[in-house]
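Student: Numbering (this note's numbering), first residue to last: 429 to 954. From the three backbone atoms N, C-alpha and C, an ideal C-beta is built for every residue, glycine too. All of these numbers come straight from a predicted model, not from anything done at the bench.
1) What separation, rounded to the nearest whole angstrom, lies between the Cα atoms of residue 461 and residue 619?
2) Can you find the residues in the same chain that come closer than 7 Å, C-beta to C-beta, to residue 699, ignoring five residues on each side of it along the sequence?
3) What would DSSP say about residue 880, mapped onto helix, strand or coil?
4) From what residue to what residue does the alpha helix (DSSP H) around residue 478 run?
5) Please say whether residue 695 and residue 666 have beta carbons closer to each other than 8 Å?
6) Whole angstroms are fine: how far does the CA of residue 890 sit from the CA of residue 930?
7) Using CA coordinates, which residue listed in 703, 768, 774 and 758 is at the minimum distance from residue 734?
8) Is the number of C-beta pairs between the region 648–658 and the region 436–444 that are closer than 8 Å three or more?
9) Using 8 Å for Cβ pairs, my map puts residue 871 next to residue 938. What's the rounded Cβ distance?
10) Kindly list the residues whose CB is nearer than 6 Å to the CB of residue 912, restricted to its own chain and excluding five residues on each side of it in sequence; keep chain order.
11) Beta-carbon within less than 7 Å of residue 860's beta-carbon, same chain only, minus the 5 sequence neighbours each way: which residues are those?
12) Out of curiosity, what's the CA-to-CA distance linking residue 760 and residue 726?
13) Pick from 621, 879, 511 and 574: whose alpha carbon is nearest that of residue 476?
14) Taking residue 480 and residue 627 to be in contact with their CB atoms under 8 Å, please state how far apart those CB atoms are, rounded to whole angstroms.
15) Please state whether the Cβ-Cβ distance between residue 501 and residue 623 is less than 8 Å.
16) Among 456, 483, 721 and 864, whose alpha-carbon lies nearest the alpha-carbon of residue 625?
17) Hey, how far is the Cα of residue 556 from the Cα of residue 568?
18) Measuring alpha carbon to alpha carbon, tell me which residue in 830, 842 and 799 is nearest residue 813.
19) Can you grab the Cα-Cα spacing for the pair residue 436 / residue 681, in whole Å?
20) Leaving out five residues on either side along the sequence, give the residues of the same chain with a beta carbon under 8 Å from the beta carbon of residue 781.
21) Which complete beta strand (DSSP E) runs does the region 588–629 hold, if anything under 3 residues is left out?
22) Let me check understanding here. Comparing Cα to Cα, which of 854, 863 and 765 lies closest to residue 807?
23) Please work out which residues of its chain come closer than 8 Å, Cβ to Cβ, to residue 702, disregarding the five sequence neighbours upstream and downstream, and give them in chain order.
24) Can you give me the C-alpha to C-alpha distance between residue 810 and residue 707, rounded to a whole angstrom?
25) When we look at the beta-carbon of residue 598 and count the other beta-carbons within 10 Å, is it buried (16 or more) or exposed?
26) For residue 826 and residue 840, what's the separation of their Cα atoms in angstroms?
27) Should residue 692 be labelled buried (16 or more other beta-carbon atoms within 10 Å of its own) or exposed?
28) Whose C-alpha, out of 484, 710 and 581, is nearest the C-alpha of residue 473?
29) Could you tell me whether the Cβ atoms of residue 608 and residue 490 are closer together than 8 Å?
30) What does the alpha-carbon distance come out to for the pair residue 936 and residue 850?
31) In this structure, does DSSP put residue 848 in helix, strand or coil?
32) What separation, rounded to the nearest whole angstrom, lies between the Cα atoms of residue 844 and residue 915?
33) How long is the line joining the alpha carbons of residue 452 and residue 641, rounded to whole angstroms?
34) Just verifying my parser: in three-state terms, what is the DSSP assignment at residue 678?
So this is what it looks like as C-alpha cells:
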C-alpha cells in the first residue's frame, strides 16, 4: 500500500534525527572521554609552553599566566628547583607532592598549607623536601623523569592513602642557570566528571532535539501536504467536470503556489473549452435536428409532389391517347385546354423545385442595384390583386422609398407574402397590404384576417417545407411550404429581416429592408 507524503516526510525526518541522535550517543559514550583527554592535554601543553617561554620565579607572575587554566580546567601546578618548592597553586592541597602541610619557619613565617577550592590568596611558598623521596611518598618521580621535552602520562599516586589517578605533565626549563622542574596535573576523577556531565547533557539535548524535531517535522509535513491535498481535491473536481472551485494560491511555498496557479489556469482553460464544446455540441444537435426535419419535410414534399404530378400526368396521358385515336364524340377544344392547363400546373411544380435549389444554394447570384421599392411593391401587388377578388383587399404604399436589392428576388418575396395571405384568407375576409418608411428602413407588411397561427408553430413557419395545416385545400398550384422560407432567405441576403406575429383578428407578416444610402442622406438633410 502506498504511503502518504506526510508519512514519508515524518519517517524521513525521524530517521534523520535518529541517525543524529545515535551519532551523538556514540560520541558521548565512546569518544567524549578521548576528546576531553585530548583537550586537557592540549591545555596542559599550552600552559607549559607559556610558562617556559618567559619563565620567572615570581609567584605573582606565574599565577597571572596560570589563573585561567587553574579556574577553568582544575589544573594543578607545582614548580621546584629539585630541593625546594618554588610555586604550588591552591588546588594542589591534597599533598600529592608532599607528605605534610607546609610548616611555618622563622625563614618563612607566612607559609601556609594550600587551601580548598574558592577564592585563595596568591600563593607564596618556602622550600620543601626533595622533589622525589620514597620515604616522604612523593609521586612525581625523580629529576631524571623531567626533560625539556614535556611528556604526559596517566599515573597512580604513590601515597598509600590516595588512589586517585592523575594525568601528569613533567618538564623542565632553566632560570638564571638553574633548572626548574615543572609538574602540571589534573585529577582523572575531574576529567571523568566532565565526561559524565557532557554525556548526560548530550543525551538530554539529543532527546529534546528529537522530540522538537518530530513536532517541527509534523507541522512542516502538514504545511506541505495540506496544499497538496487541496490541489488533489481540485483535480478530482476538475475530473468530474466541476470547474467552480479554485486551488489556494496563497501558500507560502513557491513551488506549491505555482502548482496551484497552473491547476487554476488549466481549470479555466478547460472550462472555456468545455463551454465551447457544449455550445458546439448544442449547435450540432440543433443542426442535426434541423437536417432531420428538413429531410422529413423533403420526403413529405416529394410524396406530395408525386401525388400532385400523378393526376395531371394521368390526364395528359388519357387525353393525349383519346386525341390520337380520334375517339368520336370528344370535345377536342376542351381536351386541348385541359392538356395546356395540366402542363402549366406541372411547370409550376418544376419551378418550385428549382426555387428550392436556388434558395439552398444561398442566392449566390444576386444582382444588387438601386430600386424604386415603392413602384416595385405597387406593380407586384397590382398583378396579384386579381387573385384576391373574393377577399377585401386594401393597399397603402408610401411613395419614393428606395432600396438596394435584386429586383427579381424582391419581387418574388413580395409575391410570396401576398399569395400566402390570399391562400390563407377566406372569401369576404380582409387583406391589408402596406409599405411605410421608417428612419432607416422600409417596412412592407401584409395582414390577413382569419385564424391565428399556433404560437408553438409560429417560429417554424420560416423553415423549408413547413406547413401549418397539412389538410388545407390548396387553392393555387402546389403548396409545398417553401414560400415563407424563400422570403426569409431573400430578406437575410438583403440585410433585412422578416417577422410573423398574431394580432387581433388575424396574422401580420412584415418584411423589413434597409433603405438605400442616398435616401438616408436625404432624410437626414431634411
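Tutor: The structure says:
1) Residue 619 has its alpha-carbon roughly 8 Å from the corresponding atom of residue 461.
2) Residues 671 of the same chain have their beta carbon placed closer than 7 Å to that of residue 699, with the five preceding and five following residues left out of the count.
3) In the structure shown, residue 880 sits in coil (DSSP, three-state: anything other than H, G, I, E or B).
4) Judged by DSSP secondary structure, residue 478 falls within the alpha helix (DSSP H) whose first and last residues are 460–481.
5) Closer than 8 Å, so yes.
6) The C-alpha of residue 930 lies about 15 Å from the C-alpha of residue 890.
7) Closest option to residue 734, judged by alpha-carbon separation, among 703, 768, 774 and 758: 774.
8) Yes, the region 648–658 is in contact with the region 436–444.
9) Rounded to the nearest angstrom, the Cβ distance from residue 871 to residue 938 is 6 Å, consistent with a contact under 8 Å.
10) Closer than 6 Å at the Cβ level, and outside the excluded window around residue 912, lie 889 and 890.
11) Result list for residue 860: 822 and 875, in chain order.
12) Answer to the nearest angstrom: the Cα atoms are 38 Å apart.
13) Of the listed residues, the one whose Cα sits closest to residue 476 is 574.
14) With a beta-carbon spacing of about 35 Å, residue 480 and residue 627 fall beyond the 8 Å limit used to define contacts.
15) No, the pair does not count as a contact, with Cβ atoms beyond the cut-off.
16) Residue 625 has its Cα closest to that of 456, out of 456, 483, 721 and 864.
17) Low local confidence applies: a pLDDT of 39 at residue 556 is under 50, so the model's placement there is unreliable, and no value is given.
18) The option with the nearest alpha carbon to residue 813 is 842.
19) The straight-line gap from Cα to Cα measures roughly 18 Å.
20) 733, listed in sequence order.
21) The region 588–629 contains these whole beta strand (DSSP E) runs: 594–603 and 606–615.
22) Closest option to residue 807, Cα to Cα, is 863.
23) Cβ-Cβ distances below 8 Å link residue 702 to 669 and 671 in the same chain, with the five nearest sequence neighbours on each side left out; the list follows chain order.
24) One C-alpha to the other measures close to 47 Å.
25) In the assembly as shown, residue 598 is a buried residue. Its beta-carbon has 16 or more other beta-carbons within 10 Å.
26) Spanning the two alpha carbons is a distance of roughly 20 Å.
27) The residue is buried, with at least 16 neighbouring Cβ atoms inside 10 Å.
28) Nearest option by C-alpha distance: 581.
29) In this structure, residue 608 lies away from residue 490, with their beta-carbon atoms at least 8 Å apart.
30) The alpha-carbon separation between residue 936 and residue 850 amounts to approximately 13 Å.
31) The answer is helix: DSSP assigns residue 848 an H, G or I state.
32) Each residue's alpha carbon lies about 7 Å from the other.
33) Cα to Cα, the separation comes out at about 15 Å.
34) In this structure, residue 678 counts as coil in the three-state DSSP scheme.
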